Structure formats: structure tokens, C-alpha cells
Amino acid sequence: MLHRRRPATGVSQLGPVLITILLGAAMTLSTVQSIVASNWARGLQLLLVVAFGGIIVGAGFAQARWLPKWLAHSLSVVLGVAWAVNRIGPLLGEALPTWKDQAIEILIRAIILTRILANGGTGEDLLLFITVLALMSWALAYGTMWMLIRRGWSWTPLIVNALVLLVNLTYASPKPPAALFYIFTGASLLLLVHQSYLNREHTWNAAMIEVPDLLGWRFVASGAIVVALLLMATTLMP
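No gaps in the numbering here: position 6 of the sequence shown is 5 in numbering that gives the first Met the number 0, and each next residue is one more.
This is the structure we're talking about:
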């Protein structure tokens with residue numbers, strides 16, 4: 000059945016946005032999980048929680064079209080730091096029970112390490128390493144949601160996530176499970192299919208072109224079948 004395209008409403012756009020969020024989240028969380036599974040340091044499981052928070056905030060801010068870009072990004076930085084410190088806090092021990100104490104301790108460690116490096120010395124602090132990874136996980140998750148939903152980009156967040164995954168796969172030992180790579184690949188390909196349809200839908204809406212009902216769902220379902228077949232064929236290769 001054909002129907003004439005009508006301007007999209009908030010309700011009609013909810014489905015496509017949810018699909019975008021789910022596919023983007025699968026892509027980003029598989030990337031972050033690959034870092035966690037590589038055992039760079041103890042306590043990296045918190046990266047998933049931090050990244051999940053970035054996904055929620057990024058999706059919410061990106062969907063709030065009335066929120067200026069500069070304000071959204073500024074709030075994201077504040078929330079990201081606060082959430083990362085909150086998750087890292089338990090690693091500091093019971094002697095630092097409050098968020099303020101934990102934040103000050105991390106800041107002091109960062110200042111000390113900076114001075115050591117500035118004077119030509121060498122030093123390492125696993126806690127600061129985890130902190131940097133946590134902030135990167137937040138930025139990756141938030142940025143992915145923002146680019147997908149607010150900007151309508153698909154290739155840029157895909158490439159950024161792929162680079163992070165590739166760097167981790169190159170240097171990590173032990174290597175993360177291969178299943179994470181397949182999840183990332185499947186989610187990324189489906190995301191490209193979905194975003195391609197959304198771009199075409201905008202053109203059809205502007206031209207008031209008649210299209211079949213549920214075409215978007217059929218488009219994604221067909222893409223899912225093709226992606227599944229490709230991944231199955233890949234696993235069977237020697």
C-alpha cells in the first residue's frame with residue numbers, strides 16, 4: 000500500500016531514533032568492551048558503565064534540538080568528569096569516601112605526574128590511566144550519539160570507533176574475543192543501512208513522494224539479513 004509522505008512528527012520519528020541509538024550503542028559498547036577484555040589494568044569494567052552514561056546523555060542532548068551545541072558539549076564535559084570520578088572513586092579505597100575527596104586525589108596525582116614528566120622524569124599511575132580511559136569512553140559514547148542523531152553522520156562515528164578498536168586489537172595482549180569484532184561489524188553495517196534510508200526518507204518527505212508503508216522497517220530487515228549472511232560467511236572462511 001502506498002501513502003503520500005507527510006511531515007514527520009515526534010512520534011513517527013521515535014522508531015528511527017531508537018534504532019539509531021541501539022545500533023550506535025552496540026557499536027560503541029563493543030569497542031569499549033574490547034578495551035576492557037584486553038586487561039590493560041584492573042578495574043576497567045567501570046569503562047562500560049561510564050560509556051553507557053555517555054550514550055544516555057549524548058542521545059538525550061542530541062535529541063533536544065532546542066539545546067545549543069556549545070551548552071550541550073559544556074554540560075557533557077562536566078557530567079562526564081563527575082560520572083567518571085564517581086565510578087573510579089571506589090578504586091581509591093575507603094579512606095576517601097566522598098566525591099570531593101576522590102576528585103582532589105585524582106587531581107593531585109595528575110599534577111604530580113605532570114611535574115615529573117615536565118622535569119624529564121618517568122612515571123606511571125594506573126589510576127590516572129584508568130581515568131583517562133574512562134574520560135575517553137565517555138567522549139566516544141557521547142560523540143557517537145551526537146554525530147548520529149544531531150548531525151546525521153554515520154561514517155565519521157564509525158571510523159572513530161573503528162580506529163579505537165583497531166589500535167586496541169593491534170597492541171592488546173591478550174586479544175579481546177572475536178565476537179566483539181563481529182558485533183561491531185554487524186552494528187556498523189546496519190547503522191550505515193539505516194542512516195542511508197533516513198537520508199533518502201528526508202528527500203522523499205521534501206518531494207512528497209508516495210512510498211510503501213513500513214518501508215523503513217523492511218529496509219533495515221533486509222539489511223540485517225544481508226549483514227547476517229556476510230558475517231556467517233566470514234566465520235566459515237579459513
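In this text, a Cβ means the ideal position worked out from N, Cα and C, and glycines have one as well.
These numbers come from a predicted model, not from an experiment.
Could you please give the first and the last residue of the uninterrupted alpha helix (DSSP H) stretch that includes residue i?
i           : result
residue 23  : 13-36
residue 100 : 98-117
residue 86  : 68-87
residue 143 : 125-144
residue 122 : Premise fails: residue 122 is in no alpha helix (DSSP H) and is neither H nor E.
For the putative contact between residue i and residue j, defined by C-beta atoms under 8 Å, what is the C-beta separation to the nearest angstrom?
i           : j           : result
residue 31  : residue 44  : Between residue 44 and residue 31 the Cβ distance is about 10 Å, and since that is not below 8 Å, they are no contact.
residue 163 : residue 188 : Rounded, the Cβ-Cβ distance is 18 Å, inconsistent with contact.
residue 144 : residue 20  : 7 Å
residue 119 : residue 112 : About 13 Å separates the two Cβ atoms, so there is no contact after all.
Would you mind stating whether residue i and residue j have Cβ atoms separated by less than 8 Å?
i           : j           : result
residue 49  : residue 133 : yes
residue 148 : residue 24  : no
residue 53  : residue 129 : no
residue 168 : residue 33  : yes
residue 176 : residue 37  : no
residue 17  : residue 186 : no
residue 102 : residue 84  : yes
residue 127 : residue 90  : no
What number of angstroms, rounded off, separates the C-alpha of residue i from the C-alpha of residue j?
i           : j           : result
residue 26  : residue 153 : 12 Å
residue 71  : residue 64  : 10 Å
residue 15  : residue 158 : 22 Å
residue 6   : residue 115 : With a pLDDT of 45 at residue 6, under the threshold of 50, the modelled position of this residue cannot be trusted; read the value that follows with caution. If you take the alpha carbons of residue 6 and residue 115, they lie about 59 Å apart.
residue 105 : residue 40  : 17 Å
residue 124 : residue 55  : 30 Å
residue 29  : residue 47  : 9 Å
residue 224 : residue 173 : 32 Å
residue 80  : residue 95  : 17 Å
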